[in-house]
Every structure is written in C-alpha cells, then in structure tokens.
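Student: One structure, as structure tokens, below. Some questions next.
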Amino acid sequence: MTFGSCERSELPPTVRHVLLTMSMYMKSDGSSAFPGGPPRSSGYDSRVTRNRRHQDKDIEKVLVEAESHGWYVKPGKGYWKLLCGCGEHKKWVALTPSGANYAKNLAKWLERKPCWDSEGES
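Here the sequence shown is numbered in our numbering, starting from 922 and rising by one per residue.
Put into structure tokens, the structure is as follows:
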C-alpha cells in the first residue's frame, strides 16, 4: 500500500491510520507486520511499541538498538527483560546501572550473540 492509495481509499480515517502505522513495521517484503515473534513462553505479545523508556539514556540507546535487531524489550519493576527472537537468549537489565560501563558491557554482550546479526537484517 502506498501513501496515495491509502489517502484515496474510502476506508474510515481510523482504519487508514492503523494500516499506515502497521505498514511502518512491516518486513521489507511486505509479508508481515510482526517480524519474527517472541517466544510463546515469554508472555510478551507485541513488539509494535514500547510505552516506557529506560531512565538511563545510554542503556535506552542499547535497548533501542536491540529492538532494531529483533530483540524484545519487556519493562519490569526492578529490571527490564531482553528476549531474543530465536528464544535461546535472554538478559535482565537493571533499572539502576551497577557501574559506568554497564551500558557498554550490555551492548558487547548482545553483539556476541550469534543471532544478533541475523535478526537485524530486513
């Protein structure tokens, strides 16, 4: 669907908005608006949006990068959970970093996972 065809359609404005929003999250081949999928045992059903941000800006950058590579970020009370799209890897991220290199170490840990590169390509 292109922007022009959506604008010219006779669909209600709300439906057009939802379709346009979902198209922003589609795979490049247009096959799915939900690339991959979280492990069913994770209890996390949607990756379209995350309504909270991590309080530490450096960790938030790592979380955004992880999402772009197909990882699921699930906020918790005292921690955040990172779930790999393949279901084999998970990482708990503290709300309060334990040191100055916490975000850097988290990023390196993610980059060492074999599914990091394969999940991020679309």
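We treat Cβ as the ideally placed atom computed from N, Cα and C, and that holds for glycine.
If you follow the beta strand (DSSP E) that Trp-1013 is part of, which residue opens it and which one closes it?
Tutor: Counting along the chain, the beta strand (DSSP E) containing Trp-1013 begins and ends at 1011 to 1015.
Student: Do you know how far the Cα of Thr-935 is from the Cα of Val-985?
Tutor: One C-alpha to the other measures close to 28 Å.
Student: Comparing alpha-carbon positions, which option in Ala-987, Cys-1007, Met-943, Trp-1037 lies nearest Ala-1024?
Tutor: Among Ala-987, Cys-1007, Met-943, Trp-1037, the Cα nearest to that of Ala-1024 belongs to Ala-987.
Student: In three-state DSSP terms, what is Lys-998?
Tutor: It is coil, neither helix nor strand.
Student: So who's on the other strand from Leu-1004, going by DSSP bridges?
Tutor: Leu-1004 pairs with Tyr-993, Lys-1011.
Student: DSSP three-state call for Lys-1034: helix, strand or coil?
Tutor: Reduced to three states, the DSSP call for Lys-1034 is coil.
Student: Quick one: residues in its chain with C-beta nearer than 6 Å to the C-beta of Pro-960, no 5 flanking neighbours on either side, listed in chain order?
Tutor: Note that Pro-960 scores a pLDDT of 43, beneath 50, so its modelled location is shaky; the value from the coordinates is reported in the next line. Here the set comprises Gly-1008.
Student: Starting from Ser-1044, follow the alpha helix (DSSP H) in both directions and report where the run begins and ends.
Tutor: Outside the displayed range of the chain (922 to 1043) lies residue 1044, so it cannot be described from this structure.
Student: Where does Ala-1021 fall in DSSP's three states?
Tutor: Reduced to three states, the DSSP call for Ala-1021 is coil.
Student: Checking 8 Å against the spacing of the C-beta atoms, do Ala-1015 and Tyr-1000 come in under that value?
Tutor: Closer than 8 Å, so yes.
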